[in-house]
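In terms of our numbering, the sequence shown is residues 63 to 342.
Ideal Cβ positions, reconstructed from N, Cα and C, are used throughout, including at glycine.
Accompanying notes for the structure given below.
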Amino acid sequence: MTATARDYARLRNIVFGLSLLAWLVLLRPVPAATGAARMGGPQSVSWCGTAMPIVAPAPSGAALTRAGVVLQHTAAPALTWAWMGAWAIMLVAMMLPTLVQPLYHIRLSCFSRRRMRASALFVAGYGVVWLAAGAALWAVAVAVSSLETPAYLLAVGAATAALVWQVSPLKQRCLNRGHRHGPLAAFGVRADWDALRMGLTHGGWCTGSCWAAMLLPLLLGHGHLWAMAAVSLLVFCERLDPPRTPAWRWRGFETACCYVRLYFWGPRRSPAPASTLIQA
Numbered sequence: 063m064t065a066t067a068r069d070y071a072r073l074r075n076i077v078f079g080l081s082l083l084a085w086l087v088l089l090r091p092v093p094a095a096t097g098a099a100r101m102g103g104p105q106s107v108s109w110c111g112t113a114m115p116i117v118a119p120a121p122s123g124a125a126l127t128r129a130g131v132v133l134q135h136t137a138a139p140a141l142t143w144a145w146m147g148a149w150a151i152m153l154v155a156m157m158l159p160t161l162v163q164p165l166y167h168i169r170l171s172c173f174s175r176r177r178m179r180a181s182a183l184f185v186a187g188y189g190v191v192w193l194a195a196g197a198a199l200w201a202v203a204v205a206v207s208s209l210e211t212p213a214y215l216l217a218v219g220a221a222t223a224a225l226v227w228q229v230s231p232l233k234q235r236c237l238n239r240g241h242r243h244g245p246l247a248a249f250g251v252r253a254d255w256d257a258l259r260m261g262l263t264h265g266g267w268c269t270g271s272c273w274a275a276m277l278l279p280l281l282l283g284h285g286h287l288w289a290m291a292a293v294s295l296l297v298f299c300e301r302l303d304p305p306r307t308p309a310w311r312w313r314g315f316e317t318a319c320c321y322v323r324l325y326f327w328g329p330r331r332s333p334a335p336a337s338t339l340i341q342a
């Protein structure tokens with residue numbers, strides 16, 4: 063194994079290890095809060111390792127208004143910080159494995175003494191974009207869930223929207239731009255700005271690519287962790303596909319199926335050529 067291959071493998075293992083730790087945090091049991099229930103509001107559930115209100119339609123408009131008042135006047139600051147922490151852990155678990163290539167690009171483009179600093183600035187820019195996007199997605203999820211619509215219809219609608227966006231040409235444009243990483247300055251403030259700008263840009267195109275898929279787990283009252291795992295696998299696999307001409311096509315599913323088949327059944331054995339069989 064060459065030095066370059068070892069560096070890439072070391073970076074990949076560190077990133078995957080941090081993602082695994084985040085998944086373990088998400089899977090830990092969290093006691094549900096009961097304060098909202100005592101006030102007549104909805105129960106709380108463990109969402110991404112944090113006690114959060116159930117994203118589901120209220121029994122009536124009055125109950126929804128009463129629950130909104132309780133959350134607004136008694137739990138808004140705590141809920142905000144809890145949501146930010148939960149969303150950050152969710153991003154580390156789901157999206158960090160997709161950053162191996164840009165982080166390796168930074169490693170190759172910077173001097174050794176600036177690699178950690180440039181990587182931190184890149185991740186900070188990427189996280190800021192996704193934090194703003196997460197707030198918007200959470201607002202959309204709460205607004206949609208406030209409608210008097212059965213939960214299964216919300217799930218079907220979110221899955222349909224995610225599937226349509228997954229196969230759309232605009233999705234491919236975002237993926238193509240996410241593969242582009244320009245040169246970085248070597249010294250001074252310009253180098254720091256280039257790393258931060260790279261994180262902001264990559265986060266923007268990543269958000270444009272994954273917003274529909276990330277909205278799906280937010281609209282599921284049950285099984286959101288399974289949905290997160292499925293979305294995480296799909297997002298990772300679609301990053302392995304090369305840039306292509308924007309068109310309506312399936313993306314990520316073929317690569318994901320190849321990974322599943324390789325895990326359960328091993329690599330395919332190509333049939334021996336006919337000439338070999340004849341000689342044998």
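Spatial neighbours of residue i within its chain, please: C-beta separation below 6 Å, excluding the five flanking residues on both sides.
i, result
"Trp-149", "Gly-196"
"Cys-172", "Ala-180"
Buried or exposed for residue i, please, with buried defined as at least 16 other CB atoms from any protein chain shown within 10 angstroms of its CB.
i, result
"Ile-76", "exposed"
"Phe-347", "What is shown of the chain runs 63 to 342, which leaves residue 347 out entirely."
"Thr-263", "buried"
"Val-218", "exposed"
"Val-293", "buried"
"Thr-160", "buried"
"Ala-194", "exposed"
"Val-55", "An answer regarding residue 55 cannot be provided, because it is not within the stretch 63 to 342 covered by the chain."
"Pro-91", "exposed"
"Tyr-214", "exposed"
"Pro-212", "exposed"
"Leu-209", "exposed"
"Gly-187", "buried"
Under three-state DSSP, which class holds residue i?
i, result
"Ser-106", "Because Ser-106 sits at a pLDDT of 40, beneath the cut-off of 50, its placement in the model cannot be relied upon, and the point is left open."
"Leu-282", "coil"
"Trp-227", "helix"
"Leu-246", "coil"
"Arg-311", "coil"
"Ser-294", "helix"
"Ser-208", "coil"
"His-241", "coil"
"Asp-256", "helix"
"Arg-177", "helix"
"Cys-172", "coil"
"Pro-91", "coil"
"Glu-164", "Checking the sequence shown, residue 164 turns out to be Pro, not Glu. Helix."
"Arg-72", "helix"
"Pro-305", "coil"
Below 7 Å CB to CB, which residues in the same chain sit around residue i once its five sequence neighbours on both sides are set aside?
i, result
"Gly-216", "Looking at the sequence shown, residue 216 is not Gly but Leu. Correct list, in chain order: Val-206, Ser-207, Leu-281."
"Gly-240", "His-264, Trp-267, Cys-268, Ser-271"
"Val-191", "Leu-262, Gly-265, Gly-266, Thr-269"
"Lys-233", "Trp-227, Ser-271, Arg-313"
"Pro-279", "His-286, Ala-289, Met-290, Val-293"
"Trp-273", "Ala-195, Leu-199"
For residue i, which residues of its own chain have a beta-carbon under 8 Å away from its beta-carbon, when the five flanking residues on both sides are left out?
i, result
"Leu-73", "Val-162, Leu-165, Tyr-166, Arg-169"
"Cys-236", "Trp-267, Cys-268, Gly-270, Ser-271"
"Thr-317", "Cys-299, Glu-300, Leu-302, Asp-303"
message: With a threshold of 8 Å, are at least 3 pairs of Cβ atoms found where one atom belongs to the segment 172-180 and the other to the segment 300-311?
response: no
message: Taking 8 Å as the cut-off, does the segment 80-92 touch the segment 179-199 (at least 3 CB pairs, one atom from each stretch)?
response: no
message: Measuring CB atoms only, is the segment 152-167 touching the segment 217-227, in the sense that at least three cross pairs come out at less than 8 Å?
response: no
message: Would the segment 250-264 count as touching the segment 306-313 if we require 3 or more Cβ pairs under 8 Å?
response: no
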